[in-house]
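Report on the structure given below.
In my numbering, the protein residues as written are 5 to 197.
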């Protein structure tokens with residue numbers, strides 16, 4: 005049985021309000037979606053990665069619990085934050101393992117087919133994270149759109165709801181951010197030009 009967005013949102017609000025039992029009721033409802041997000045990340049990783057999907061979900065869960073009181077807006081907001089936490093975990097893991105910017109055991113993150121990036125040489129997670137951080141310095145909303153759409157797997161509508169902007173703005177930001185990231189990653193040498 006599929007859980008409704010309203011039920012998840014209601015439990016998130018109850019959890020924010022201090023109802024500890026709401027978290028116990030919430031986790032079984034969101035666990036499969038968290039695993040799907042984690043699987044999407046892990047599918048893009050090298051085959052011998054030391055983190056597994058379940059470990060990524062568990063680590064994200066622990067970080068969410070330790071993050072303090074978050075004012076959850078709704079289901080989409082929860083999954084957006086969760087996706088961002090998973091991204092941070094993988095980037096932190098890559099940095100802690102001492103991966104170099106180029107060569108060696110790179111963590112590959114192929115950008116989906118909607119992104120105008122050559123499939124011959126996909127950027128690695130650290131370079132993509134650096135590029136997103138650079139984008140967020142001058143346009144944080146566009147960077148957030150990329151994070152929600154690409155990493156979080158949110159639809160245009162869900163992204164619009166989380167960011168409280170129109171779907172047309174999300175589509176425009178998504179197009180412009182993809183073009184900017186393409187140029188930035190190309191300049192950083194991700195495509196061997």
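The C-beta atom is built at its ideal place from N, Cα and C for all residues, glycine as well.
Since this is a predicted model, take the numbers as computed values, not measurements.
{"Asked": "CB-CB under 6 Å to residue 268, same chain, minus the five flanking residues each way: which ones, in chain order?", "Found": "Nothing about residue 268 can be reported from this structure: the residues present for the chain run from 5 to 197 only."}
{"Asked": "Taking just the CA atoms, how far does residue 158 sit from residue 149?", "Found": "9 Å"}
{"Asked": "Under DSSP, the alpha helix (DSSP H) around residue 4 begins and ends at which residues?", "Found": "This structure does not reach residue 4, given that the chain is present from 5 up to 197, and the question cannot be answered."}
{"Asked": "By a C-beta neighbour count over all protein chains shown, 10 Å radius and 16 as the cutoff for buried, is residue 10 buried or exposed?", "Found": "exposed"}
{"Asked": "Check for me: the alpha helix (DSSP H) holding residue 12 runs from which residue to which?", "Found": "9 to 20"}
{"Asked": "By the three-class DSSP mapping on this structure, what secondary structure does residue 172 have?", "Found": "helix"}
{"Asked": "Tell me which same chain residues have a C-beta within less than 6 Å of the C-beta of residue 155, skipping the five on either side of it?", "Found": "87, 91"}
{"Asked": "Could you tell me the boundaries of the alpha helix (DSSP H) in which residue 1 lies?", "Found": "Residue 1 falls outside the range modelled here, since the chain spans only 5 to 197, and no answer is possible."}
{"Asked": "Between residue 43 and the rest of its own chain, which residues show a CB-CB distance below 6 Å, the 5 nearest in sequence each way excluded?", "Found": "57"}
{"Asked": "Do residue 185 and residue 129 have their C-beta atoms within less than 8 Å of each other?", "Found": "no"}
{"Asked": "Leaving out five residues before and five after residue 160 in sequence, what residues of the same chain have Cβ atoms less than 8 Å from its Cβ?", "Found": "153, 171, 174, 175, 178"}
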